[in-house]
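Structure record follows, encoded as structure tokens.
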């Protein structure tokens, strides 16, 4: 009986770090080639994913070609399957190469190039049009890259080939419930060919994308044989023989539905991975954030500590006359629980100095949001000054609901380099806070249960000017993520006045979101590459005439 031992390398590759990525690949080959016949690396592993306009550089492609030669030469005792860009004439392809003893035995060109949401592959690559079946030690393996598996046509081209399994290399970003979508798609493809699929995914954070790993092995009957860990780098061995596929390391004995706790764990761990990789890959030693005593900064602090360790995190409470004693107490308590550096700096002298200088211009004017925004901007100045002096990265603390309706201050609480919860709706912020406390006490219970408030005015709460968050988040999801019209959202049972107000706020605040820090995508459509709306647009006026 012939069999192949296949090593799946679910690892973290950094965009543009061709030398370092190649070193990771070569190290894996050295350590694993004696035990395996084939080692598989993810889509575009050599360059990291997505390399974007780096792909337009001739020196970048020369470095890739050199890396392919090094890897091929190192693959003396085994076969290496690795993803990278490859140029033929003036045409650039997203490929996976089969390398052994200095030669490229086979090269498959990705056929389906995604060009929606966060993907821009048609901007760079030419689609392939051929299937490739690789034969090694008596086993025939069909090769695929990521999006190819989400469509039946690439696989259909292999139906006339006698294949034993499909190996698919991927850089598939995380979003909530994406794992279940992948399982469903893989089972559809298995049903069409009745052969196993070995699905290897990338793992790591890259700007607004998080690659969650969670690689899968499905047998020829559509049964889940193995799933690799979520958001963890790891290696796994898959054995392909005459009876199908086996994987001992992460074998699934009996498939279970995903519980709500597991779902929250996936979201939380994806956010942690994103923070860790953004901070580390961009060379920051420390992070700093404003800790207000509210739920958003509390969750952000927890994510930072879990990603980096308490010794790399500084929290600053910046109270004003409207800051409650409850907020002061809760912020201090969380900082002490987390073990981070904690400082308190009042903004009243700064605010008073600004108001003194502005007094001639404000004479005769009523107090309004100008004074509220000025408080936020004083805090932004403090945090950015500390960042400049110490080199720490400022983490912003705004959530998706706030970013959607513009309840954030330019050059104030929007100041910073990374926004960990930018794509987390307010209701989910509360759920994640509760989840984090289920692991260990981190966020004071009172922070979770008290009514949310920016504390920029006396007795202020968020619902003074917004619908209840349970309604707001559902309206936003329908409008932002599902493109429902005003009429459709009202017909779903929401108050027309609330819907009109929310939709108007979303539309007029596009200019703010364009100036916001990048943050990890976890929903089906984030405020980033997923949703590209014009700043200057009169479509909002036409929306307001509906009904």
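Residue numbers (this note's numbering): 712 to 1258. We treat Cβ as the ideally placed atom computed from N, Cα and C, and that holds for glycine. Since the model is a prediction, treat every value here as computed from it, not as a measurement.
* Asked: How would you call residue 1060, buried or exposed, if buried means at least 16 neighbouring beta carbons within 10 angstroms?
  -> Result: exposed.
* May I ask you to report which of helix, strand or coil DSSP gives residue 746? => For residue 746, the secondary structure class from DSSP, reduced to helix, strand or coil, is coil.
* Which residues mark the beginning and the end of the alpha helix (DSSP H) in which residue 978 is found? -> According to the DSSP assignment, residue 978 belongs to the alpha helix (DSSP H) that extends over 971-992.
* Would you kindly check if the distance between the Cβ of residue 1016 and the Cβ of residue 1049 is under 8 Å? => For residue 1049 and residue 1016, yes; Cβs fall inside 8 Å.
* Where does residue 883 sit, in a helix, a strand or coil, going by DSSP? -> Residue 883: coil per DSSP, three-state reduction.
* Given residue 872 as reference, the closest of 864, 844 and 894 once Cα atoms are compared -> Closest by C-alpha distance to residue 872, out of 864, 844 and 894, is 844.
* Where residue 799 falls, given that 16 or more other Cβ within 10 Å makes a residue buried -> Around the beta carbon of residue 799, fewer than 16 other beta carbons sit within 10 angstroms, so the residue counts as exposed.
* For residue 917, which of 1034, 932, 759 and 1001 has the nearest alpha-carbon? -> Residue nearest to residue 917 within the set 1034, 932, 759 and 1001 is 759 (criterion: CA-CA distance).
* Report back the beta-carbon spacing between residue 897 and residue 860 to the nearest angstrom; my notes put them in contact at under 8 Å. => So it is a contact: roughly 7 Å between Cβ atoms.
* **Residue closest to residue 1031, alpha-carbon to alpha-carbon, out of 990, 988 and 1082** => Nearest Cα to residue 1031 within the set 990, 988 and 1082: 1082.
* Would DSSP call residue 945 helix, strand or coil? -> If DSSP states are grouped into helix, strand and coil, residue 945 belongs with the strands.
* In the DSSP assignment, find the unbroken beta strand (DSSP E) run with residue 914 in it and report its ends. => Run containing residue 914: 914-917, per the beta strand (DSSP E) assignment.
* Starting from the Cα of residue 1089, find the closest Cα among 891, 1058, 1157 and 1033 and give me that residue. => Comparing Cα positions, the closest option is 1058.
* Asked: Where DSSP assigns a beta bridge to residue 798, which residues make up the other side?
  -> The partner list for residue 798 (beta bridge, DSSP) reads 803.
* Can residue 1234 and residue 1192 be called in contact, C-beta distance under 8 Å? -> A contact, by the Cβ cut-off of 8 Å.
* Alpha carbon to alpha carbon, how far is residue 1219 from residue 1250? Give it in angstroms, no decimals. => Looking at the two C-alpha atoms, the distance is approximately 11 Å.
* To do: Could you tell me the boundaries of the beta strand (DSSP E) in which residue 850 lies?
  => Bounds of the beta strand (DSSP E) holding residue 850 are 850-856.
* Residues near residue 1076 in its chain [Cβ-Cβ closer than 7 Å; skip 5 each side] -> Hits under 7 Å: none found.
* Taking the C-alpha atoms as reference points, what is the distance between residue 830 and residue 772? -> Distance between the alpha carbons of residue 830 and residue 772 is about 20 Å.
* Asked: When the Cα atoms are used, what is the spatial distance from residue 1078 to residue 1067?
  -> So the alpha carbons of these two residues sit roughly 14 Å apart.
* Taking C-alpha atoms, which residue in 1187, 791 and 820 lies nearest to residue 797? -> Out of 1187, 791 and 820, 820 has the C-alpha closest to the C-alpha of residue 797.
* Asked: What three-state label does DSSP hand residue 859 in the structure shown?
  -> Three-state result, residue 859: helix.
* Asked: Which residue comes first and which comes last in the alpha helix (DSSP H) that contains residue 1067?
  -> Where residue 1067 is concerned, the enclosing alpha helix (DSSP H) stretches over 1059-1073.
* Asked: residue 1098 by DSSP, collapsed to three states: which one?
  -> Under the three-state reduction of DSSP, residue 1098 is assigned to helix.
* **For residue 1093 and residue 1051, believed in contact at Cβ under 8 Å, the rounded distance** => Actually they are not in contact, since the Cβ atoms of residue 1051 and residue 1093 sit about 17 Å apart, beyond 8 Å.
* Asked: If you run the structure through DSSP and keep just helix, strand and coil, what is residue 783?
  -> Judged by DSSP in its simplified three-state form, residue 783 adopts helix.
* Asked: Is DSSP giving residue 1238 helix, strand or coil here?
  -> Annotated three-state conformation of residue 1238 is coil, per DSSP.
* Asked: Three or more beta-carbon pairs under 8 Å between the segment 978-986 and the segment 954-969, yes or no?
  -> With a cut-off of 8 Å, the segment 954-969 and the segment 978-986 do not count as touching, because too few Cβ pairs lie within range.
* Asked: In chain order, what residues of the same chain lie with their CB nearer than 6 Å to the CB of residue 744, ignoring the 5 residues before and after it?
  -> Its chain contains 788 and 789 as the residues whose beta carbon lies nearer than 6 Å to that of residue 744, once the 5 sequence neighbours on both sides are disregarded; these appear in chain order.
* Whole-angstrom Cβ separation of residue 849 and residue 842, contact assumed at under 8 Å? -> Approximately 20 Å separates the beta-carbon atoms of residue 849 and residue 842; this is outside 8 Å, ruling out the contact.
* To do: Would you decide whether residue 721 is buried or exposed? Buried here means 16 or more other CB atoms lie within 10 Å of its CB.
  => Buried.
* Hey, is the segment 1251-1258 in contact with the segment 1148-1156, meaning 3+ C-beta pairs nearer than 8 Å? -> No: fewer than three Cβ pairs fall under 8 Å.
* Keeping to the same chain, check which residues put their C-beta closer than 7 Å to that of residue 955; ignore five residues upstream and five downstream. => Residues 907, 930 and 931 of the same chain have their beta carbon placed closer than 7 Å to that of residue 955, with the five preceding and five following residues left out of the count.
* Asked: Over what stretch of residues does the beta strand (DSSP E) that includes residue 939 continue unbroken?
  -> Careful: residue 939 lies outside any beta strand (DSSP E) and carries neither H nor E.
* **Cβ pair residue 947, residue 913 closer than 8 Å** => Result no, Cβ atoms of residue 947 and residue 913 do not sit closer than 8 Å.
* **Backbone CA spacing between residue 998 and residue 921 [nearest angstrom]** => Spanning the two alpha carbons is a distance of roughly 20 Å.
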